[in-house]
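Everything on this sheet refers to the single structure shown next.
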Amino acid sequence: FLEDVKGQAKSELQASESRYQAQLRVTQTLQTELLQLYSRVEMEALASCSTGASPPGGSAHPHT
Amino acid sequence: FLEDVKGQAKSELQASESRYQAQLRVTQTLQTELLQLYSRVEMEALASCSTGASPPGGSAHPHT
Amino acid sequence: MADDPQRNFRSAYYEKVGFRGVEEKKSLEILLKDNPLDVEKLSTFSQRFPLPSMYRIHVWKILLGILPPHSDSHALVGGYRREQYENILEALEAMRFISSSTPTTEVYLRMFQLESQVLPRRSEIPPMEEEDADFLSISQAMEEIVVNAMDCYWLIKCFFNQFNTKFGDSLPHLPKSLEHYLSQEEPRLLNHLKSTGALAQLPYGPWFNRCFAGTLPESSLQRVWDKVISGSCKILVFVGLEILLNYKIILMGTSRPEAVVKFLSNIPQENTDAIVTKAIDLWHKYCGTPMHSV
């Protein structure tokens, strides 16, 4: 019976673990996308500097 | 003794769930951020159309 | 033990020269060897005695539920805590919410906000709320006490959450409680503070909402936090009371409430250890010493 309880606990923990892993993959994908988008935004900002358009986002560094 | 095993399993599961929940919040936050950034990029694209700069990203819809 | 004269002599000697904690340290070590740990006994110990500094962080983590009672789960759970910490940090960096130049206390605040789903939009960060300022102040003090950044974040977060959940409803009553005990200990000072209008303006926010973070230096503060973390917010009343009693002469000689507030918001940092010791004694006198077996 004890083994039963332990086995159940283990499978619950595994389920939680795999939920977490799935979410972690989503997060990583989103972070990569964010990184790409930021660098594009910064390039745009550089390119459109002369038009007087304000750089998109306060944290973009148009000088780098 | 059985209660003890159960208690231990429960606290491990709670810690694992807390890690999962945090990851869920991370995903939500990243999604919101991405969404905002995309809409800003689109606005920028609209605004700078006249300068001849290409719209940033194929997913931008300048007509909407 | 009682009929061991040498041991008694040694204890008395330690007591005289300030090593009173030796016996206490031993009993704490026995408690910490339990598996599972008896969290209630650890709370009682912490209510009665100051925690030896080498065990303080570990005991706080157990009392705040950062580590579970079963010692053989500590590695697993500790790993979960580390991953949770790292993932949140990484996401905030990816969003450029924080950078390497962001002050760590602000990093902790943003992490906490993300976890509590109240992270503001990066483009429209609102002015600091009072609760955020409390969080930052507690973070700043915790940072002085805890070296490891991950431990520090978890302790701040759980301390802040536990304090507000457990004592949020009691906090508004603490000023009245302070008034009551002041009337017992020093009615003349109470009357003076009342008649000058200073009583209503005492720095209750920094004292009670921030648990004296920013008021007391960390070496004294951690002994107060031992009591708060192990389950008492009443101790805060007695620390406030002892501060008033300690500076009675200065306070009696001041009639302008602004001057009183200014002085109390920036008390001298020299004899705060004595103030805390007296506050704990007074707290035990009025509220009793927890007598569970230790």
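Protein chains in written order, with this note's numbering: chain H, 1 to 64; chain R, 1 to 64; chain A, 1 to 294. By construction, the Cβ of each residue, glycine as well, lies at the ideal position given by its N, Cα and C atoms.
With 7 Å set as the bound, which would you pick, yes or no: does the beta-carbon of A9/H sit closer than that to a beta-carbon of chain R? Using a CB distance cut-off of 7 Å, A9/H counts as an interface residue toward chain R.
Using three-state DSSP, classify A274/A as helix, strand or coil. Here A274/A sits in helix by DSSP.
Quick check on the burial criterion: 16 or more other C-beta atoms within 10 angstroms. Buried or exposed for I249/A? exposed
Residue burial classification, L63/A (beta-carbon count within 10 angstroms, cutoff 16): buried
In chain A, what lies closer than 9 Å to E12/R by C-beta? P68, H70, S73, L76, V77, Y80
Interface residues of chain H around E33/R at Cβ under 8 Å? For E33/R, the residues of chain H that pass the 8 Å Cβ criterion are L34, in the order they occur in the chain.
Kindly indicate if chain R contains any beta-carbon less than 7 Å away from that of L46/H. Chain R, which has no Cβ nearer than 7 Å to the Cβ of L46/H, makes this no.
Contacting residues, own chain, Cβ-Cβ under 6 Å from N35/A (five flanking each side not counted): S71
Neighbour-count burial assignment, S232/A, 16 or more Cβ in a 10 Å radius: buried
Residue ranges of each alpha helix (DSSP H) within the segment 55-135 of chain A, 4 or longer: 74-94, 104-115
Give the range of the alpha helix (DSSP H) segment to which I267/A is assigned. Counting along the chain, I267/A falls outside any alpha helix (DSSP H), and DSSP gives it neither H nor E.
Report yes or no: is there a C-beta of chain A within less than 7 Å of the C-beta of S39/R? no
Counting only beta-carbon atoms, is T29/R nearer than 7 Å to chain H? no
With 7 Å set as the bound, which would you pick, yes or no: does the beta-carbon of Q21/R sit closer than that to a beta-carbon of chain H? no
Strictly under 7 Å for the Cβ-Cβ distance: is E42/R near chain H by that measure? no
According to DSSP, is A198/A part of a helix, a strand, or is it coil? coil
If you compare alpha carbons, which of P50/A, S101/A, N87/A is closest to L114/A? N87/A
Residues within the segment 109-127 of chain A neighbouring chain R, beta-carbon criterion of under 9 Å: L114, E115, S116, Q117, L119, R121, R122, S123
What span of residues does the alpha helix (DSSP H) with H180/A cover, start to end? 174-185
Between F212/A, A91/A, K61/A, which lies nearest to R25/H when the distance is taken from Cα to Cα? A91/A
Mind pulling the chain R residues with CB within less than 7 Å of Q84/A? S18, R19, A22
Starting from the beta carbon of M95/A, find every residue of chain H whose beta carbon is closer than 8 Å, and list them in chain order. Per Cβ cutoff of 8 Å: L34.
In its own chain, which residues sit with a C-beta less than 6 Å from the C-beta of Y13/A, not counting the 5 before and 5 after it? Residue placement at Y13/A is poorly supported in this model, since its pLDDT is 45, which falls under 50; the coordinates still yield a value, given next. For Y13/A, where only same-chain residues beyond five positions count, there are no Cβ hits under 6 Å.
Only counting the same chain, and skipping five residues up and downstream in sequence, which positions put a Cβ closer than 6 Å to that of V107/A? I98
Let me know the secondary structure DSSP gives L51/A once reduced to three states. coil
Quick one: grab the DSSP three-state call for L37/A. coil
With 7 Å as the threshold, decide whether the Cβ of A91/A is near any Cβ in chain R. yes
Using a beta-carbon distance below 7 Å, is N87/A in contact with chain R? yes
Taking only beta-carbon positions, decide if V26/R is within less than 7 Å of chain A. yes
Output, in chain order, the set of chain R residues within a Cβ distance shorter than 8 Å of C36/A. A small fix is needed here, since residue 36/A is Pro in this sequence, not Cys. Going along chain R in sequence order, the residues near P36/A (Cβ under 8 Å) are D4, G7, Q8.
Among P103/A, P187/A, D132/A, whose alpha-carbon lies nearest the alpha-carbon of K157/A? Among P103/A, P187/A, D132/A, the Cα nearest to that of K157/A belongs to D132/A.
Have a look at L119/A and K166/A and give me their C-alpha separation to the nearest angstrom. 23 Å
Of the residues N266/A, A279/A, Y286/A, R188/A, which one's Cα is nearest the Cα of G253/A? Selected option, being the one with the closest Cα: R188/A.
Nearest-angstrom Cα distance between R19/H and Y20/R? Here the alpha carbons of Y20/R and R19/H stand approximately 7 Å from one another.
L31/A: which of G21/A, V59/A, P50/A sits nearest, CA to CA? V59/A
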